[in-house]
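Notes follow the structure.
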Amino acid sequence: MKLSEAITHKNGRQRKPLVSKLDVSEREPMLSDLDVDDDDKEALLQNSDREDGPANVRNGIHGELGSVALLLFLYVLQGIPLGLAGSIPLIMQSKSVSYKDQAYFSFVFWPFSLKLLWAPLVDSLYLGKFGRRKSWLVPTQYLLGLFMLYLSSTVDAMLQTDGQKGPDVITLTAVFFILAFLAATQDIAVDGWALTMLSRENVGYASTCNSVGQTAGYFLGNVLFLALESADFCNKYLRFEPQEQGIVTLSDFLFFWGIVFMVSTTLVAVLKKENGRQHCSKKKPREEAKGVMETYKLLFSIIKLPTVFTFCILLLTAKIGFSAADTVTGLKLVEAGVPKEQLALLAVPMVPLQILLPLVISKYTAGPRPLDVFYKAFPFRLLIGLEYALLVWWTPTVRQEEGFPVYYYAVVLLSYAVHQVALYSMYVACMAFHAKVSDPVIGGTYMTLLNTVTNLGGNWPSTLALWLVDPLTFKECQGAPGQTCSSLEEAELCVREGGICVTALDGYYVESVVCIVIGISWWIIFGKKMKRLQEESPSAWHCSVAK
1 MKLSEAITHK NGRQRKPLVS KLDVSEREPM LSDLDVDDDD KEALLQNSDR EDGPANVRNG
61 IHGELGSVAL LLFLYVLQGI PLGLAGSIPL IMQSKSVSYK DQAYFSFVFW PFSLKLLWAP
121 LVDSLYLGKF GRRKSWLVPT QYLLGLFMLY LSSTVDAMLQ TDGQKGPDVI TLTAVFFILA
181 FLAATQDIAV DGWALTMLSR ENVGYASTCN SVGQTAGYFL GNVLFLALES ADFCNKYLRF
241 EPQEQGIVTL SDFLFFWGIV FMVSTTLVAV LKKENGRQHC SKKKPREEAK GVMETYKLLF
301 SIIKLPTVFT FCILLLTAKI GFSAADTVTG LKLVEAGVPK EQLALLAVPM VPLQILLPLV
361 ISKYTAGPRP LDVFYKAFPF RLLIGLEYAL LVWWTPTVRQ EEGFPVYYYA VVLLSYAVHQ
421 VALYSMYVAC MAFHAKVSDP VIGGTYMTLL NTVTNLGGNW PSTLALWLVD PLTFKECQGA
481 PGQTCSSLEE AELCVREGGI CVTALDGYYV ESVVCIVIGI SWWIIFGKKM KRLQEESPSA
541 WHCSVAK
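In terms of the numbering used here, the sequence shown is numbered consecutively and its last residue is 547.
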């Protein structure tokens with residue numbers, strides 16, 4: 001669980017940042033980033049280049065408020081399962097699961113970074129009579145609703161809320177991975193539908209619906225849920241008489257949204273029609289399959305370019321130095337006693353900062369060398385990782401019987417804010433460079449590929465960082481001479497002999513130091529090489545297939 005996920009929506013995931021979904025890592029690629037095919041281009045032109053075009057311009061967005069509202073609602077629905085997936089690691093951490101289990105669950109956040117692998121299929125295979133996008137949207141959302149209804153009756157057993165056994169991490173991972181996969185597929189369909197649902201003059205509102213809707217959905221599924229699920233929060237702020245449980249449970253929340261998914265999907269299937277021209281267009285199966293294969297061949301030809309291949313390797317390794325700080329810190333704070341709902345609520349004051357940062361930073365990345373900003377922000381983000389480690393070390397010393405003092409949360413919030421400045425500086429710079437080097441003939445596909453690689457460069461170090469925390473942690477048995485705590489069996493024997501296992505060296509601190517060393521080494525050895533990529537001629541980035 002990334003620290004930023006505790007206060008913002010990564011990706012995925014890693015969720016997208018507010019300016020675009022996730023994740024606060026990098027922007028998740030939208031299917032609308034892919035090249036628009038002939039059917040969609042015709043539909044766009046049909047919507048916007050009619051004889052009454054000037055009247056449409058005068059009407060502006062007012063004539064399409066219903067479509068904008070539908071898009072916004074669909075993106076809100078998409079954010080719900082992602083927000084819930086982001087809350088599960090915090091719930092599991094409060095139940096003292098191992099970091100190896102957290103590493104297993106981190107695979108849940110991978111589908112949004114990998115959706116480029118099946119996006120061409122979603123874009124090309126459909127039932128023409130039912131609708132190109134509805135052919136995927138409707139069954140996908142029905143499956144999301146059914147999975148939520150299923151989970152509402154089984155999730156308590158998976159989490160073992162009776163306290164007698166630990167959570168069933170493997171089953172939780174499998175189920176929420178499917179949820180994330182379905183949400184990613186729904187995202188592909190909605191992104192594509194936005195191209196023809198709105199006229200060309202208003203299609204820019206689609207990205208606004210995307211960022212606002214997914215932010216709202218993630219907030220509902222993560223921040224609001226964790227607050228209402230917490231008995232302490234509800235008893236302190238929302239109740240007159242204390243109770244043992246929060247206002248809602250995870251089962252209740254899943255059941256409610258499962259019903260919402262089923263009802264809303266039925267209404268969309270029955271009442272919302274796709275563009276009429278699309279209903280009339282009939283592609284032969286061979287042509288559809290050829291389109292899919294051409295897209296995959298195009299992606300492969302882009303990766304084979306020497307400059308692109310080098311850049312992808314750098315993107316896949318650049319975030320190793322940040323993995324411990326970004327992934328483990330939030331879980332360590334929960335382990336130290338910080339209420340998970342309080343960490344989640346810190347997302348609220350961070351929203352204005354997330355809106356303003358891209359606007360400010362883009363002024364410095366708009367020139368010919370956007371990666372200079374990436375290079376300058378890199379060491380500062382590494383230093384913030386060291387500050388995070390100090391924050392985790394300091395946390396137990398300020399804990400009081402009634403909780404943590406206000407000044408502690410002020411320090412945490414300030415730390416998060418500084419982290420966001422460094423993170424967004426690197427993110428905006430990276431996205432600006434992607435836009436600069438992408439071949440204009442195939443710009444959408446090119447951008448989507450680079451964004452996917454960028455997201456993967458954050459996913460695999462995060463999973464590895466979680467996996468290594470426990471092996472790098474050293475414990476000793478106190479009170480039982482001759483006993484050790486090097487394995488689970490030995491730890492249980494220590495307790496049976498009247499001892500207690502005490503952490504002598506926390507693997508998180510070992511990881512933090514190692515990651516900072518790796519990060520500094522990467523910055524010194526490869527950072528300048530990444531800057532030099534800006535000096536390559538445009539032809540070095542262009543794909544001959546596109547021509």
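Note that CB positions come from ideal geometry on N, CA and C, so glycine has one too.
Small disclaimer: the values here were computed from a predicted structure and weren't measured.
Asked, Found
"Looking only at its chain, what residues have a beta carbon closer than 7 Å to the beta carbon of L299, apart from the 5 residues adjacent to it on each side?", "T445, L449"
"Measuring alpha carbon to alpha carbon, tell me which of I520, S124, L466, L114 ends up nearest V292.", "S124"
"Might you give, ordered along the chain, the residues of its own chain that have their beta carbon closer than 7 Å to the beta carbon of C312, omitting 5 neighbours on each side?", "I303, V453"
"Near P548, which residues of its chain fall below 7 Å by C-beta distance, leaving aside the five closest residues on each side in sequence?", "The chain is shown from 1 up to 547; residue 548 falls before or after that span and cannot be answered."
"Quick check on C477: does DSSP put it in helix, strand or coil?", "strand"
"For C515, does the three-state DSSP call read helix, strand or coil?", "helix"
"How long is the line joining the alpha carbons of K100 and W118, rounded to whole angstroms?", "29 Å"
"Where does R132 land, buried or exposed, given buried means 16+ other C-beta within 10 angstroms?", "buried"
"Of the residues A318, S67, V418, E229, which one's Cα is nearest the Cα of L353?", "V418"
"Tell me whether the beta-carbon of L159 lies closer than 9 Å to the beta-carbon of M262.", "no"
"Kindly indicate which residue of V412, A347, V268, L493 has the alpha-carbon position closest to the one of T329.", "V412"
"Which one or two residues does DSSP pair with V175 in a beta bridge?", "Bridge partners of V175: none, in fact."
"May I ask you to report which of helix, strand or coil DSSP gives L359?", "helix"
"Taking buried to mean at least 16 other C-beta atoms within 10 Å of its own C-beta, is L488 buried or exposed?", "exposed"
"Specify the secondary structure class of C501 as computed by DSSP and reduced to three states.", "strand"
"Alpha carbon to alpha carbon, how far is A157 from G527? Give it in angstroms, no decimals.", "48 Å"
"So, at 7 Å on beta carbons, what are the nonlocal neighbours of G479 in its own chain, with the 5 sequence-adjacent residues on each side left out?", "G498, G499, I500"
"Alpha carbon to alpha carbon, what distance is there between M426 and I170?", "34 Å"
"Pick from P111, V308, V68: whose alpha carbon is nearest that of A85?", "P111"
"Using 8 Å as the Cβ pair cut-off and three pairs as the minimum, do the region 138-145 and the region 254-271 touch?", "yes"
"Going by C-alpha to C-alpha distance, which of L72, Y508, Q400, W460 sits closest to F474?", "Y508"
"Could you say which of A465, L220, I61 lies nearest to Y75 if we only look at CA atoms?", "L220"
"Can you tell me which of H62, L271, Y150, L226 puts its alpha carbon nearest to the alpha carbon of I88?", "L226"
"Tell me T403's beta-bridge partners as DSSP assigns them.", "As written in the sequence, residue 403 is Gly, which differs from the Thr given in the question. Answer is Q400, bridged to G403."
"Use the C-beta contact count for F557: other C-beta atoms within 10 angstroms, 16 or more gives buried, fewer gives exposed.", "No information on residue 557 is available, as it lies outside the stretch 1 to 547 that the chain covers here."
"Figure out for me which residue from T307, S362, A318, E274 has the closest Cα to the Cα of A189.", "E274"
"Tell me the start and end of each unbroken alpha helix (DSSP H) in the region 309-335 that is at least 4 residues and wholly inside, in chain order.", "323-335"
"Once the 5 residues before and after F380 are set aside, which same chain residues still bring their CB inside 7 Å of it?", "A422"
"So the alpha helix (DSSP H) N235 belongs to, where does it begin and stop?", "231-237"
"So, helix, strand or coil for T307, using DSSP?", "helix"
"Measuring alpha carbon to alpha carbon, tell me which of L71, W193, K340, F240 ends up nearest E229.", "K340"
"Flag this pair as yes or no: are the beta carbons of K272 and L70 separated by less than 9 Å?", "yes"
"How long is the line joining the alpha carbons of K319 and T327, rounded to whole angstroms?", "11 Å"
"Does chain C have any CB closer than 9 Å to the CB of W522?", "Protein chain content of the structure displayed is limited to a single chain, and chain C is not contained in it."
"Only counting the same chain, and skipping five residues up and downstream in sequence, which positions put a Cβ closer than 8 Å to that of A269?", "K134, V138"
"Distance check for N235 and D252, CA to CA, integer angstroms please.", "19 Å"
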